[in-house]
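There are 2 protein chains.
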Amino acid sequence: MSDSLIHPVILCGGSGTRLWPRSRAIKPKPFLPLVGDSTLFEQSVSRCAPGAGFAAPLVVTGAAHLAHVEAQLDPGSGARVIVEPSARNTAAAIALAALRLDQDDVMLVCPSDHHIADVAAFQSAAHAAATLARQDWLVSFGIEAKSPETGFGYLQRGAAIGALGYQVARFVEKPDLARAQAFLADGGYAWNGGIFAFRVGAFLAELEQHRPAIAAGARAAVAAGHADGQRFHPGADAFARIDSESVDYAVMENTARAAMVPADMGWSDIGNWDALLAARPRDEMGNSVTGPAELVGCRGVLVESDGRQVSAIGLEDVVIVVDGNDVLVTTRAGAQLVGKLQGAVNQ
Amino acid sequence: MSDSLIHPVILCGGSGTRLWPRSRAIKPKPFLPLVGDSTLFEQSVSRCAPGAGFAAPLVVTGAAHLAHVEAQLDPGSGARVIVEPSARNTAAAIALAALRLDQDDVMLVCPSDHHIADVAAFQSAAHAAATLARQDWLVSFGIEAKSPETGFGYLQRGAAIGALGYQVARFVEKPDLARAQAFLADGGYAWNGGIFAFRVGAFLAELEQHRPAIAAGARAAVAAGHADGQRFHPGADAFARIDSESVDYAVMENTARAAMVPADMGWSDIGNWDALLAARPRDEMGNSVTGPAELVGCRGVLVESDGRQVSAIGLEDVVIVVDGNDVLVTTRAGAQLVGKLQGAVNQ
């Protein structure tokens, strides 16, 4: 039975390379308290609060991270978990979730490794998106672009749909810097943050139309699956045969019903240590410290230590991370290369 | 009985703050392999090799460092050790050593926490200094000034004494930068590296004249002392009553017989991490790495790790030291402040 609530679908995963060595394959970004005392996953769940019109969440995660998910879910939340037998990207993950909901439920697909500073703005955008989704629009959050980022896809705004949103004129893959600057200057482009609202039936119909094999594979995996308390385990063989494709490629870029709602909510994908520093509260020198540290004459420095004493002198725009047997020191500009370090690759 | 050999007097001590956290009070700089595979102390001893005209060394150290000294001395070297019951600066330490040698022995006082790249030049200067010392000059090594250092005292060259050296016209305490630059431009100034050659009797006579209390105190401490194999323990009470004063203040700045021999021998006092990097072999990017590390796009970076993996990206002129539970990251310019860090002060 459908209801008027919004059904959060929280996607959990990640390889843990870009915030290495704090984030690791065995405990990636969503499960770490990177901004504030709660983890990004916990914040993703708590943003979709029952009192704000959200149903209990449906979490999609891999077996490798199930323990983290269950440890960080409130047992009384009524949350359900879909345990992916393998990683098959977002189209398959969202299809699984859709098949575990009712046709007329509105699902809100949320990555769990982003930070959103303004929860009220998020909830407001979610309700706007849900309203459009009930009209069978496939809705992306169009996150207000604050800088010419080359690491995100962009949505070009089309015709208005009432007061709540716009049609998407075009999806743009990660641009080069010149194009990103042009998008920012134009003002008609927003970041694609991977947050979507769909009516379940509308999503499945579009998936069926544009990627029938993924839809059939997901149905087969659910048919071969079994429930275990709040957990649902799709059939592993059927799931493994599904193409690995993002929901953007599989559905959003093909549907004629793509819409967007503007969202200006202090969003960050915390895509590297530099982005994390930007998302964190900082002192008057622009420094942010977690763990024991003494900073002398430092500016724009992020220290993240698992307990060892960090002493820093005279540094500007540098990130220092101490975790287990690894010490990372990088310029903020160099932070984008962290995922390519041997330690991050070979973990 | 005196002989024609040079008697090395190796002074060992230090608080271990300026190269913290690698150097610590319990194991300060002389006892660490900072440049090459042997320690600075081992190098200080081996520079004064029997084959090059040196007698077995006389080491002066505190009880706290005796174990390091004895562990790093070759048992067959015939070295003797004077164990200071307390720290009373160099005038008292050298007086103790003088009193354990013969009147006509030439002693060569050597700090053990410096690095000297050109051992042959050191030995050559030592023999020149010894020759002048036998003429009852009190001889300092005048180390060729390579830069306008403000952390060293300077010797102003006076009249030549034959071909071997010069009288010292003036001792100059640590200058400000403008004066240091003027000294460098003048060319008549050398660094005072704390290396001295004295005929024992001449030194004791000058000490007696200018600091009779220190001379008397040292005699009393030796009289109250006892030998224990190769070790000599001065009387603790008598030694504790001696004024703590450097040999520069107590003797060198007062004597009319101050001389210097020029020494251009790749000398460094390794007074901080920046100086250590300068003394070390570096790769083509100017980096020097000890321990497991991956450097990406770094230039002028020193990594010193006790075993933890250090990953560094995009850094220029930065020092990274990992030791035990401490991680130090400083600009090379900031390295002079390391000794004032809480960790260094409170160790």
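Just so you know, the sequences run in chain order D and X.
First residue of the first sequence: 12, per the working numbering; consecutive thereafter.
First residue of the second sequence: 12, per the working numbering; consecutive thereafter.
Using N, Cα and C, we set each Cβ at its ideal position, and we do this for glycine too.
Keep in mind that this is a model prediction, so the values were computed, not measured.
field: Inter-residue Cα distance where the pair is V356(D) and A74(X)
entry: 49 Å
- request: Determine the DSSP secondary structure at P245(X), reduced to helix, strand or coil.
  value: coil
- request: Closer than 6 Å by C-beta to A235(D): which residues in its own chain qualify, once you throw out the five before and the five after it? Chain order, please.
  value: G246 and A249
query: What beta strand (DSSP E) runs, 3 residues minimum, are completely inside the region 183-252 of chain X?
result: 200-210, 237-239 and 242-244
Range of the contiguous alpha helix (DSSP H) that encloses G73(D): From DSSP, G73(D) is part of no alpha helix (DSSP H) but of the beta strand (DSSP E) over L69 to G73.
field: Interface residues of the region 302-322 of chain X facing chain D [CB-CB below 7 Å]
entry: E305, V307, G308, R319, Q320, V321 and S322
message: If we define contact as Cβ-Cβ less than 8 Å, is A286(D) a contact residue for chain X?
response: So no, A286(D) is outside the interface.
query: Under the three-state reduction of DSSP, which class applies to W31(D): helix, strand or coil?
result: Note: W31(D) maps to coil in three-state DSSP.
task: Report the neighbours of Q353(D) on chain X: residues whose CB is nearer than 9 Å to its CB, in chain order.
output: E305, Q320 and S322
- prompt: For M276(D), which three-state DSSP category applies?
  reply: Three-state result, M276(D): coil.
message: With a threshold of 8 Å between beta-carbons, can V349(X) be considered close to chain D, or not?
response: yes
task: Quick one: residues in its chain with C-beta nearer than 8 Å to the C-beta of S88(X), no 5 flanking neighbours on either side, listed in chain order?
output: V56, A67 and P68
query: Which residues, taken in chain order from the region 61-80 of chain D, show a beta carbon closer than 9 Å to some beta carbon of chain X?
result: If you check each beta-carbon in the region 61-80 of chain D against every beta-carbon of chain X, none falls closer than 9 Å.
query: Just how far apart, CA to CA, sit N283(D) and E219(D)?
result: 36 Å
- prompt: Can you tell me whether DSSP reads T342(X) as helix, strand or coil?
  reply: strand
field: Member of V80(D), A104(D), A346(D) and R33(D) whose CA lies at the smallest distance from the CA of D254(D)
entry: A104(D)
- prompt: Is R91(X) near Q241(X), with beta carbons less than 8 Å apart?
  reply: yes
query: Fully enclosed by the region 75-150 of chain X, which beta strand (DSSP E) runs are 3 residues long or longer?
result: 91-95 and 117-122
task: Closer than 9 Å by beta-carbon distance: list the chain X residues that pair up with I105(D), in chain order.
output: Here the premise fails: no neighbours, minimum Cβ distance about 35 Å.
task: Using a Cβ-Cβ cut-off of less than 8 Å, list which residues of the region 268-300 of chain X approach chain D; keep chain order.
output: The region 268-300 of chain X vs chain D, Cβ under 8 Å: nothing.
- prompt: Since N265(D) and H237(D) are thought to touch, with beta carbons under 8 Å apart, how far apart are those beta carbons, to the nearest angstrom?
  reply: About 32 Å separates the two Cβ atoms, so there is no contact after all.
Identified DSSP bridge partners for I324(D): V307(D) and T341(X)
query: If G350(D) and W31(D) are in contact, beta carbons under 8 Å, what's the gap, nearest whole angstrom?
result: 7 Å
query: Taking 8 Å as the CB-CB cut-off, is L30(D) touching chain X?
result: no
task: Report the neighbours of V338(D) on chain X: residues whose CB is nearer than 8 Å to its CB, in chain order.
output: S316, R319, Q320, V321, S322, I331, V333 and V338
query: Out of V312(D), F207(D) and I127(D), which has the shortest C-alpha to C-alpha gap to M276(D)?
result: I127(D)
- prompt: Taking DSSP as the reference, what is the three-state secondary structure of G350(X)?
  reply: helix
message: According to DSSP, simplified to helix, strand and coil, what is R58(D)?
response: helix
- prompt: Apart from the five residues just before and just after I315(X), which ones in its own chain have a Cβ nearer than 6 Å to its Cβ?
  reply: Before going further, note that residue 315(X) is Glu rather than Ile in the sequence given. Excluding sequence neighbours, E315(X) sits near R33, T301 and V332.
- prompt: With DSSP run on the structure shown, which of helix, strand or coil describes A289(D)?
  reply: In the structure shown, A289(D) sits in a helix (DSSP, three-state: H, G or I).
message: Can you list, in chain order, the residues of its chain with a C-beta nearer than 6 Å to that of E217(D)? Leave out the 5 residues immediately preceding and following it.
response: V262 and T266
query: Residues of chain X with a CB under 7 Å from the CB of G325(D): which are they?
result: T341, T342, A344 and G345
field: Top-ranked residue by Cα proximity to N336(D), from A108(D), D317(D), I281(D) and G64(D)
entry: D317(D)
query: Which whole-angstrom value describes the C-beta separation of L287(D) and L45(D), a residue pair presumed to lie in contact below a C-beta threshold of 8 Å?
result: Right, their Cβ atoms sit about 6 Å apart.
message: Less than 8 Å between the beta carbons of A201(D) and G153(D), yes or no?
response: yes
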